[in-house]
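Contents: one structure, followed by commentary.
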Amino acid sequence: MKLDAKAIRYLTSEDFRVLQGVEAGSRNHEVVPTPLIAQLSGLRGGSGVHRAISNLAKTNLIAKVKNAKYDGYRLTYGGLDYLALNAHQKQKVVYSVGNQIGVGKESDIVVVAHGSGSQRILKIHRLGRISFRTVKTNRDYLRHRNTGSWMYMSRLAAMKEFAFMKALRENGFSVPEPIAQNRHTIVMSLIDAFPLRQIAKVPNPAGLYSELMDMIIELARFGLIHGDFNEFNILIKEIPIPSEKDKEAENAEAEEENYRLEPVLIDFPQMVSIDHVNAEMYFDRDVNCIKRYFQRKFHFVSDAPGPSFADAKKVFLKNPGKRLDVEVEASGFSRKMARDLENYMKEVGADGDAGERDNEDEEEDEDEEEGSGSDSEEVQEDEQPARADADVDESSKRLEGLQVSW
Ligand code: ADP
Ligand code: MG
C-alpha cells in the first residue's frame with residue numbers, strides 16, 4: 009500500500025481526535041464499537057463524532073466492519089499513516105510529502121521535506137504485508153492475527169530501527185541520521201546515493217570489499233550483527249577527490265574525476281546481539297552475502313578467508329566497543345519487545361531477505377527496485393484485517409508525482 013497524503017489537509021482536528029479514538033480502541037478491540045469511539049475521542053455531542061466517522065470512512069482511514077456482532081470500525085494502515093504524519097507535522101519534522109521511492113516487503117520509503125525545504129526519508133514499516141509464500145505457510149496464524157498485532161509489530165520495528173540507528177550514528181558508524189520516530193514510521197536523513205545493487209562497476213572492488221568486511225567486524229566489536237547485510241542495504245556514496253591536476257586546471261571537468269566510495273549502512277529492524285543464540289549463523293550469512301555478491305557482480309574473490317564468527321568474537325573480547333545491544337535495550341526497546349518482534353518476523357518470513365535470495369537462481373542484475381516486482385503487492389490475503397484493499401491500486405496511481413503540503 010502506498011502512502012496517499014492528499015486528503016490529510018481536509019481533515020479537521022475533530023476528525024483527528026476521532027481517528028485517535030479508533031486507534032486507542034484498536035489496542036484491545038478487533039472491531040471498535042461506535043460508542044467506544046465516541047467516548048475515546050473525548051468529543052461532546054454525537055453529531056460531530058458521526059460526521060467525523062463518516063469522513064474518515066470515506067477516506068478509507070477507518071473501515072466499517074459489517075458482519076461483526078456489533079457495529080464498529082477498525083483502523084486501516086492509511087489511518088495509522090495519517091496519525092503518524094500528523095504527529096511529524098506537528099513536531100515540525102515533516103512539512104510535505106513527495107514521491108515514494110521504494111516499496112519493500114515490509115516497508116514503504118517516501119521522500120518528504122522539512123519546512124526548510126531539505127529532503128528527508130520517511131520509512132513506513134508495514135509488518136502486516138505478507139508475501140504470497142508466507143501467506144500459504146502461515147494461514148492459520150494469520151487467521152488469529154488482529155489489528156493490534158500489525159500495529160504493534162510495525163511500531164516495534166520502527167522503534168527498534170530508530171534506536172539502533174541512533175546508537176550506531178552516535179558511535180561513528182556510517183548510517184543515516186535518525187531524526188524522529190512516531191508509531192510505525194521513522195524519519196531520517198536522505199542519503200544521496202544508490203544501493204550497491206545498482207552500481208555497475210567499482211574502480212577498486214578489493215578496497216570496497218575490505219571496507220565492508222571491516223564494517224561487519226566493527227559492528228561485532230560493538231556487540232552487533234546487522235542480519236541483513238546485503239547489496240540493497242548498503243548505499244554507496246560517491247565522493248569526488250579533486251586531484252592535484254584538477255586543482256590547478258582551469259577547466260576541472262576536462263580531467264578524469266576520481267571518486268572515493270563511501271558505504272552507508274541502512275535497514276536495522278533485524279539486527280541481533282552478538283550473544284544471540286543464532287549469532288554465528290547471522291554473522292556468516294552477512295559475510296557470505298557480500299562474498300557472493302562481489303564474486304558474481306565484480307568477479308572479485310578475496311585471498312583472505314573469513315572473517316569468521318570466531319575472528320569477530322576475538323576482536324569483540326580483546327578490544328570491545330560500547331555494548332550497543334545493551335544500550336538499545338536500556339533506551340526503551342526492551343528484551344521482551346525484541347523477542348516479540350523477532351518471533352513475529354520469523355513467522356511472517358520477514359527476518360531478513362538474504363536467506364531467501366540464497367535459493368534464487370536469478371543471475372541477471374536488472375537494477376530493479378527492491379521488491380518492486382512480484383509478491384509484495386500482488387496478493388492480499390483475504391483475512392487482512394485492516395487494509396482498504398479495494399483502494400490500493402487507486403491510491404498508488406494517485407501518488408505518482410504527487411507533491412502535497414498541508
Ligand atoms: P526495507 O526494510 O523495505 O528493505 P530499507 O530501509 O532497506 O527498507 O529501504 C529500502 C530502499 O529505500 C533502500 O534500498 C534504498 O534504496 C532506499 N532508502 C532507504 N533509506 C534511505 C535513505 N535514508 N536515503 C536514501 N535512500 C534510502
Ligand atoms: Mg532493505
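The working numbering puts the last residue of the sequence shown at 414; the count rises by one with no breaks. Every residue gets a Cβ at the ideal spot worked out from N, C-alpha and C, and that includes glycine. These numbers come from a predicted model, not from an experiment.
Where residue i sits in the DSSP three-state scheme
{"i": "residue 321", "result": "helix"}
{"i": "residue 72", "result": "strand"}
{"i": "residue 82", "result": "strand"}
{"i": "residue 272", "result": "strand"}
{"i": "residue 334", "result": "helix"}
{"i": "residue 435", "result": "As displayed, the chain neither begins before 9 nor continues past 414, which places residue 435 out of reach and without an answer."}
{"i": "residue 63", "result": "helix"}
{"i": "residue 107", "result": "strand"}
{"i": "residue 41", "result": "strand"}
{"i": "residue 8", "result": "This structure cannot speak to residue 8, because the chain is shown only from 9 to 414."}
{"i": "residue 296", "result": "helix"}
{"i": "residue 168", "result": "helix"}
{"i": "residue 308", "result": "coil"}
{"i": "residue 10", "result": "coil"}
{"i": "residue 342", "result": "coil"}
{"i": "residue 125", "result": "coil"}
{"i": "residue 216", "result": "helix"}
{"i": "residue 16", "result": "helix"}
{"i": "residue 286", "result": "coil"}
{"i": "residue 185", "result": "coil"}
{"i": "residue 27", "result": "helix"}
{"i": "residue 208", "result": "coil"}
Burial state of residue i, where buried means 16 or more other Cβ atoms lie within 10 Å
{"i": "residue 307", "result": "exposed"}
{"i": "residue 150", "result": "Confidence at residue 150 is low in this model, with a pLDDT of 44, below 50, so the placement of that residue should be treated as unreliable; the coordinate-derived value is given next. Residue 150 should be labelled buried."}
{"i": "residue 190", "result": "buried"}
{"i": "residue 71", "result": "buried"}
{"i": "residue 266", "result": "exposed"}
{"i": "residue 111", "result": "buried"}
{"i": "residue 309", "result": "exposed"}
{"i": "residue 162", "result": "buried"}
{"i": "residue 55", "result": "exposed"}
{"i": "residue 94", "result": "buried"}
{"i": "residue 210", "result": "buried"}
{"i": "residue 34", "result": "buried"}
{"i": "residue 237", "result": "buried"}
{"i": "residue 21", "result": "exposed"}
{"i": "residue 18", "result": "exposed"}
{"i": "residue 285", "result": "exposed"}
{"i": "residue 346", "result": "buried"}
{"i": "residue 281", "result": "buried"}
Beta-bridge pairing of residue i - partner residues as DSSP gives them
{"i": "residue 267", "result": "248"}
{"i": "residue 190", "result": "193"}
{"i": "residue 202", "result": "244"}
{"i": "residue 131", "result": "117 and 194"}
{"i": "residue 233", "result": "280"}
Integer Cβ distance of residue i from residue j, believed to fall under 8 Å
{"i": "residue 3", "j": "residue 92", "result": "The structure shown does not extend to residue 3, since the chain is modelled only from 9 to 414, so the question has no answer here."}
{"i": "residue 63", "j": "residue 86", "result": "No, residue 63 and residue 86 are not in contact; Cβ-Cβ is about 13 Å, not under 8 Å."}
{"i": "residue 295", "j": "residue 224", "result": "6 Å"}
{"i": "residue 8", "j": "residue 287", "result": "Not covered by the structure: residue 8. The range shown for the chain is 9 to 414."}
{"i": "residue 219", "j": "residue 184", "result": "No, residue 219 and residue 184 are not in contact; Cβ-Cβ is about 18 Å, not under 8 Å."}
{"i": "residue 242", "j": "residue 277", "result": "That belief does not hold up - the Cβ atoms of residue 242 and residue 277 are roughly 16 Å apart, past 8 Å."}
{"i": "residue 315", "j": "residue 221", "result": "6 Å"}
{"i": "residue 320", "j": "residue 228", "result": "4 Å"}
{"i": "residue 279", "j": "residue 172", "result": "5 Å"}
{"i": "residue 207", "j": "residue 244", "result": "5 Å"}
{"i": "residue 273", "j": "residue 182", "result": "6 Å"}
{"i": "residue 81", "j": "residue 60", "result": "Wrong, their Cβ atoms sit about 11 Å apart, outside the cutoff."}
Option nearest residue i by Cα separation, candidates the options
{"i": "residue 116", "options": "123, 133, 227 and 78", "result": "133"}
{"i": "residue 128", "options": "188, 217 and 316", "result": "188"}
{"i": "residue 106", "options": "182, 13 and 78", "result": "13"}
{"i": "residue 46", "options": "283, 36, 232 and 30", "result": "30"}
{"i": "residue 239", "options": "250, 229, 249 and 201", "result": "201"}
{"i": "residue 41", "options": "226, 83, 56 and 173", "result": "83"}
{"i": "residue 16", "options": "54, 97 and 320", "result": "97"}
{"i": "residue 186", "options": "213, 179, 196 and 113", "result": "196"}
{"i": "residue 36", "options": "304, 158 and 322", "result": "158"}
{"i": "residue 27", "options": "136, 49 and 303", "result": "49"}
{"i": "residue 78", "options": "89, 38, 102 and 52", "result": "38"}
{"i": "residue 330", "options": "268, 232 and 165", "result": "232"}
{"i": "residue 90", "options": "339, 178 and 23", "result": "23"}
{"i": "residue 88", "options": "100, 205 and 193", "result": "193"}
{"i": "residue 301", "options": "180, 125 and 217", "result": "217"}
{"i": "residue 108", "options": "123, 118, 102 and 101", "result": "118"}
{"i": "residue 297", "options": "347, 169, 166 and 235", "result": "235"}
{"i": "residue 226", "options": "210, 303, 43 and 326", "result": "326"}
{"i": "residue 167", "options": "357, 343 and 356", "result": "343"}
{"i": "residue 179", "options": "73, 212, 198 and 230", "result": "230"}
{"i": "residue 170", "options": "352, 341 and 353", "result": "341"}
{"i": "residue 130", "options": "73, 357, 43 and 199", "result": "199"}
Residue i at chain D interface by Cβ criterion, 7 Å
{"i": "residue 86", "result": "The structure shown has no chain D; it contains just one protein chain."}
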